[in-house]
Amino acid sequence: MMSEIFSVAFITGLIGATLRMSTPIILATLGEIITERSGVLNLGIEGTMLFGAALGFLTTLATGNLWLGVFVAALGGIALSLLMAVLAVYLGLSQHVSGLGITLFASGLAMFIYRLVVGSPIVPPVITPFTPVAIPLLSRIPILGGSFFTQYSLTYITWALIPLVSIFLFKTRAGLRVRTIGQNPFAADTVGVNVNLTRTLSLAAGGAFFGVAGAFLTLAHQNMFLIDVIGGRGWIAIAMTIFGNWNPLMGAVGALIFGFLDAFQLRMQTLGVDLPFHIFLMIPYLITILALISVSRKATVPAGLLKPYRREDKGG
Amino acid sequence: MEVSVLEKQAVIEMRGVTKRFVDVIANDKVDLKLYAKEVVGLLGENGAGKTTLMNVLFGYYNLDGGKLLINEKEVTFNSPKDAINNGIAMIHQHFTLVQTQTVLENAMIGMEGSFFLDKKKAKEKLLKIEKQFGLNLNPDALVWTLSIGEQQKLEILKALYRGAKILIMDEPTAVLAPTETVELFETLRTLVDSGHSIIFISHHLQEVMDICDRVIVLRNGIRVAERTVADTTIPELASLMVGRELLERLEKGESSIGEPVLEARNLKARNNRGIVAVDNLSFILREGEVLGVAGVSGNGQTELSEMLFGQVKPEEGEIFISGVEVPGGNPSEIIKTGMARIPEDRIATGLFMDLSVKENMILESHVSEPISKNGLINMKEIRDFAQNCIENFSVKTDGMDVPVKTLSGGNLQKVILARELVGKPKVVVACQPTRGLDVGAMEYVHQAMLDQKTEGAGVLLISDDLDEIFLLSDRIIVMYEGKIMGEVSSEEADRDKIGLWMSGVTS
Ligand SMILES: Nc1ncnc2c1ncn2[C@@H]1O[C@H](COP(=O)(O)OP(=O)(O)OP(=O)(O)O)[C@@H](O)[C@H]1O
Ligand SMILES: [Mg+2]
Chain A
1 MMSEIFSVAF
11 ITGLIGATLR
21 MSTPIILATL
31 GEIITERSGV
41 LNLGIEGTML
51 FGAALGFLTT
61 LATGNLWLGV
71 FVAALGGIAL
81 SLLMAVLAVY
91 LGLSQHVSGL
101 GITLFASGLA
111 MFIYRLVVGS
121 PIVPPVITPF
131 TPVAIPLLSR
141 IPILGGSFFT
151 QYSLTYITWA
161 LIPLVSIFLF
171 KTRAGLRVRT
181 IGQNPFAADT
191 VGVNVNLTRT
201 LSLAAGGAFF
211 GVAGAFLTLA
221 HQNMFLIDVI
231 GGRGWIAIAM
241 TIFGNWNPLM
251 GAVGALIFGF
261 LDAFQLRMQT
271 LGVDLPFHIF
281 LMIPYLITIL
291 ALISVSRKAT
301 VPAGLLKPYR
311 REDKGG
Chain B
317 MEVSVLEKQA
327 VIEMRGVTKR
337 FVDVIANDKV
347 DLKLYAKEVV
357 GLLGENGAGK
367 TTLMNVLFGY
377 YNLDGGKLLI
387 NEKEVTFNSP
397 KDAINNGIAM
407 IHQHFTLVQT
417 QTVLENAMIG
427 MEGSFFLDKK
437 KAKEKLLKIE
447 KQFGLNLNPD
457 ALVWTLSIGE
467 QQKLEILKAL
477 YRGAKILIMD
487 EPTAVLAPTE
497 TVELFETLRT
507 LVDSGHSIIF
517 ISHHLQEVMD
527 ICDRVIVLRN
537 GIRVAERTVA
547 DTTIPELASL
557 MVGRELLERL
567 EKGESSIGEP
577 VLEARNLKAR
587 NNRGIVAVDN
597 LSFILREGEV
607 LGVAGVSGNG
617 QTELSEMLFG
627 QVKPEEGEIF
637 ISGVEVPGGN
647 PSEIIKTGMA
657 RIPEDRIATG
667 LFMDLSVKEN
677 MILESHVSEP
687 ISKNGLINMK
697 EIRDFAQNCI
707 ENFSVKTDGM
717 DVPVKTLSGG
727 NLQKVILARE
737 LVGKPKVVVA
747 CQPTRGLDVG
757 AMEYVHQAML
767 DQKTEGAGVL
777 LISDDLDEIF
787 LLSDRIIVMY
797 EGKIMGEVSS
807 EEADRDKIGL
817 WMSGVTS
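Here the protein sequences line up with chains A and B, keeping their order.
For the first sequence, position 137 matches number 137 in this note's numbering, and the numbering has no gaps at all.
For this note's numbering, count along the second sequence from 1 and bump the result up by 316.
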């Protein structure tokens, strides 16, 4: 068995799978980082992803157009995030309660719409999913080229988004506004930044990421919609946001490590190791918890996170 | 700084401004005019409505009545953005800085400009302003590494960066050391010379006399008086604010000095940046005396009080209360000894702003009888206890059930005093107990300290206000860079010598 693990085929396969498996988590983590940087914890993430997964799948099922599916999933994510904005930003309700409420609501809604369109056939309908795109030349690099550069388009886009989100947050005027309202909304307000509007826009951006992350799972990773398709990846993204100290690059690294563990455990299952497969399923989550314990004590939480902002409060 | 009668065009006029909160009228038909190149002082007790009035001028609150005129044209402000666009900037009581960002980022935030941050251009602009007004700060320094004085410079820079012509400064000196105040005043004079106008709020009447041209006094939200500084005196201003004559001098009262009640032996602690803040410090406090700890703030006073309060464990050394050693870093053990703890920052450490007055009053007694019995809390006992506190300490509040955040600064401090002093403590440790308080409240706190001493408690008064130290202390020690520079009895103390000790010079 050891020889199998160290074979080239195993390793290149593992790398390819790691990149695939981490794609939705990186996307969701980037979205959550933008949102939390603005001072809002969006626990609606898990439900929003499921909603995106369902909308994306159904759109593609109806039209046969995969990119239209991705687009509609993003719109669905934005819509739910705007609902979150109404509750947690404008009404100033608890972000925990609003977020969990949205996850419950969106999960139900996703199932409902799916049933409405598809009914409950014995064999669930399938679509023709995205196929990996080999990048000319690069994918020909011996040994590792193939696994790195034969990926889904969405994976390449996700990789491009990591530096783009970083640049947005740290190099643009809008990014400075987002970071400031997340740290000290009162300070932002006193220099004329519209706190609630900026938070709403940040939520919307995050929602689009969540929607697409969900759609990746039904349009690329698999070719059908199942109720447990998200499988807690939204919660993992919340953990990765903390793990990465609200930094897109570090968050992506965390997501990659999780993707690796996830891919690894799948392979261990198929190798027929004589252990219940549930043990393997647990590994990535267990290691995530351990990583969080060690990292999050040093984390620097955005100081304004979880606090609704209202003017008539005795701010100064 | 004379205002010529000819060019008397007000840069700002507030006409009959009214601002209501749910059940208080914070400003009632207030008139205020500000002319070019003028410093106007805004005076009033805690809760008189100074901050609220300025927040209205700053567009942070919408007004409920009255008018706002800029250069004699009526305007309406819906948000601070409108005020900024009209050249008005406000520096709040609590700074509005982002601690994790740099000086430059704090200056740039909210400014119009290109999609990408142009830090190079912004830095040039900032450095130019720094040079022009003598406010030197490193643009790349992170805010949390700056001293309080430097953070305030940054607040002024932020205002100037936005091209503000009118600066509202809400108690800017409350957090400054005396030397920093002198520096601030130099800056303000430079600003006035270059055409700026300033509204200046302070509870220190001497400062108001030093820097202002004109003074407006608010009482209970109503404008009660206006004086030019040349035609008034400190006692007059004080009685205008309070609406009654203030005692000229407090009664020190008779007390006999007895046994040691608090002893610190060789205490050592570091501040949150890991630098030694208190270094081999020892003192003894006895029954019936006030021991004043003088010193410019930032010389280890905060860390000393945190050790005495049990918030921080001393790195070295011991603390004895009535001759018994108490374990370090354990607040509940300290509470059991009955020490009255009056912390430096009443909002961050002294109170829970969202909890009610009564809940804040039982913070330390809610675990013991009679309030708590068999793990259950007795509501009637709590109400009786709180009612007693409110009456004995004349706390001005809308009842015991409102959140404390609705109280004024002076009344917040009274809630703490009530909680700490009602149990007849043997030791009182008060850290900057009158910071930000008006003259009336200050007098109240001073008298409370003296009363404690008369009743036989030992009072440790840590303060950077030298007047306060001289007024109350029987004995004075001076802290400088975590060490005691010297000790002197109040009869023999002279200000020059203490001043030298405070700046680290031994004679
Ligand atoms: N956001 C608010 N909601 C309700 N009441 C408020 C609010 N802000 C202030 N008040 C009340 O309005 C009155 C005026 O308060 P304000 O803060 O303007 O006083 P101040 O003169 O600045 O006092 P201080 O010297 O303590 O700073 C007080 O009675 C206060 O309790
Ligand atoms: Mg005020």
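All residues carry an ideal CB built from backbone N, CA and C; glycine is no exception.
Small disclaimer: the values here were computed from a predicted structure and weren't measured.
At least one CB of chain B closer than 8 Å to the CB of THR200/A: is that the case? With a threshold of 8 Å between beta carbons, THR200/A makes no contact with chain B.
Going by the C-beta, is VAL338/B closer than 7 Å to any heavy atom of ligand 3? Ligand 3 is absent from the structure shown, which contains only ligand 1 and ligand 2.
Interface positions of the region 412 to 427 of chain B facing chain A (Cβ-Cβ less than 9 Å), listed along the chain: Per Cβ criterion, the list reads THR412, LEU413, VAL414, GLN415, THR416, GLN417, GLU421, ASN422, MET424, ILE425, GLY426, MET427.
I'd like to know whether the C-beta atoms of GLY537/B and GLY365/B end up nearer to each other than 8 Å. Contact annotation: GLY537/B and GLY365/B have beta-carbon atoms nearer than 8 Å.
Counting only Cβ pairs nearer than 8 Å, list the residues of chain C close to ALA205/A. Checking the listed chains, one finds no chain C in this structure; the protein chains it contains are A and B.
Minimum C-alpha distance to ASP754/B - residue among GLN325/B, ASN362/B, VAL327/B, ALA493/B: Selected option, being the one with the closest Cα: ASN362/B.
Starting from MET111/A, trace the alpha helix (DSSP H) both ways and give me its first and last residue. Taken as a continuous stretch (DSSP letters only), the alpha helix (DSSP H) holding MET111/A covers 95 to 118.
Contacts of MET485/B in chain A (Cβ-Cβ under 9 Å): Neighbours of MET485/B on chain A: none; closest Cβ ~12 Å, over 9 Å.
Cutoff 8 Å: PRO488/B Cβ touching any chain A Cβ: No, its Cβ sits nowhere closer than 8 Å to a Cβ of chain A.
GLY365/B CB to nearest heavy atom of ligand 1 below 7 Å: Checking the Cβ of GLY365/B against ligand 1 gives yes.
Residues near VAL321/B in its chain [Cβ-Cβ closer than 6 Å; skip 5 each side]: Low local confidence applies: a pLDDT of 49 at VAL321/B is under 50, so the model's placement there is unreliable, with the coordinate-based value given in what follows. Here the set comprises nothing.
For ALA765/B and GLU570/B, what's the separation of their Cα atoms in angstroms? One detail in the question is off: residue 765/B reads as Met in this sequence, not Ala. Distance between the alpha carbons of MET765/B and GLU570/B is about 13 Å.
Beta-carbon within less than 6 Å of LEU620/B's beta-carbon, same chain only, minus the 5 sequence neighbours each way: which residues are those? Answer for LEU620/B: VAL594, listed in chain order.
Output yes or no for whether 8 Å exceeds the beta carbon distance between SER672/B and MET716/B. For SER672/B and MET716/B, yes; Cβs fall inside 8 Å.
Specify whether the region 34 to 42 of chain A and the region 199 to 206 of chain A touch according to this definition: at least 3 beta carbon pairs, one from each stretch, less than 8 Å apart. The region 34 to 42 of chain A makes contact with the region 199 to 206 of chain A: 3 or more CB pairs, one atom from each, lie closer than 8 Å.
Would you call the CB atoms of LEU50/A and ALA106/A closer than 8 Å? Contact flag set, yes.
Is ILE484/B closer than 8 Å to VAL326/A when the C-beta atoms are compared? No information on residue 326/A is available, as it lies outside the stretch 1 to 316 that chain A covers here.
Secondary structure of PHE432/B, DSSP reduced to three states: In the three-state DSSP reduction, PHE432/B falls in the strand class (E or B).
Counting pairs of Cβ atoms below 8 Å between the region 13 to 31 of chain A and the region 150 to 162 of chain A, do you hit three or more? Contact between the region 13 to 31 of chain A and the region 150 to 162 of chain A is present: three or more C-beta pairs spanning the two stretches fall below 8 Å.
Can you tell which of GLN748/B, LEU788/B, ASP398/B has its C-alpha closest to the C-alpha of GLN763/B? Checking every option, the nearest Cα to that of GLN763/B belongs to LEU788/B.
Am I right that GLY375/B and GLY332/B are in contact with their C-beta atoms under 8 Å? What's the rounded C-beta distance? That pair is no contact at about 18 Å.
So THR300/A contacts chain B; which residues on that side make the cut at Cβ distance below 7 Å? Those within 7 Å of THR300/A in chain B are THR416.
PHE615/B and TYR796/B look like a contact to me (Cβ under 8 Å); what is the Cβ gap, rounded to whole Å? Just to set this straight, residue 615/B is Asn in the shown sequence, not Phe. In this structure ASN615/B is in contact with TYR796/B, their Cβ atoms being roughly 5 Å apart against a cut-off of 8 Å.
Chain A beta carbons: is any one of them nearer than 8 Å to that of PRO396/B? For PRO396/B, the answer is yes, since a Cβ of chain A falls inside 8 Å of its Cβ.
Taking 8 Å as the cut-off, decide whether the C-beta atoms of GLU736/B and ILE658/B are in contact. Result yes, Cβ atoms of GLU736/B and ILE658/B sit closer than 8 Å.
For the beta strand (DSSP E) holding MET330/B, just list the boundary residues, first then last. Secondary structure note for MET330/B: its beta strand (DSSP E) is the uninterrupted segment 326 to 336.
Answer with buried or exposed for LYS314/A, where buried requires no fewer than 16 other C-beta atoms within 10 angstroms of its C-beta. With a pLDDT of 43 at LYS314/A, under the threshold of 50, the modelled position of this residue cannot be trusted, and the question is left open.
Rounded to whole angstroms, what's the CA-CA distance from VAL391/B to LEU30/A? Just pull it up for me. Spanning the two alpha carbons is a distance of roughly 43 Å.
Complete runs of the alpha helix (DSSP H) confined to the region 179 to 215 of chain A [at least 4 residues]: Entirely contained in the region 179 to 215 of chain A, the alpha helix (DSSP H) runs reaching 4 residues are, in chain order, 185 to 190.
Which ranges does the alpha helix (DSSP H) cover as unbroken runs of at least 4 residues, wholly within the region 662 to 688 of chain B, from first to last along the chain? The region 662 to 688 of chain B contains these whole alpha helix (DSSP H) runs: 673 to 677.
Which full runs of the alpha helix (DSSP H) of 4+ residues lie inside the region 729 to 800 of chain B, going along the chain? If we require 4 residues or more, the alpha helix (DSSP H) runs fully inside the region 729 to 800 of chain B come out as 755 to 770, 782 to 788.
Taking only beta-carbon positions, decide if LEU433/B is within less than 8 Å of chain A. Look at LEU433/B: its C-beta is under 8 Å from a C-beta on chain A.
State the DSSP-derived secondary structure class of GLY145/A, mapped to helix, strand or coil. Reduced to three states, the DSSP call for GLY145/A is helix.
Closer than 7 Å: ALA342/B CB and nearest ligand 1 heavy atom: The closest heavy atom of ligand 1 lies less than 7 Å from the beta carbon of ALA342/B.
Residue range of the unbroken beta strand (DSSP E) whose run includes ILE600/B: Start and end: 592 to 602.
Whose C-alpha, out of SER724/B, GLY739/B, VAL683/B, GLU552/B, is nearest the C-alpha of CYS263/B? Shown here, chain B extends from 317 to 823; a query on residue 263/B therefore has no answer.
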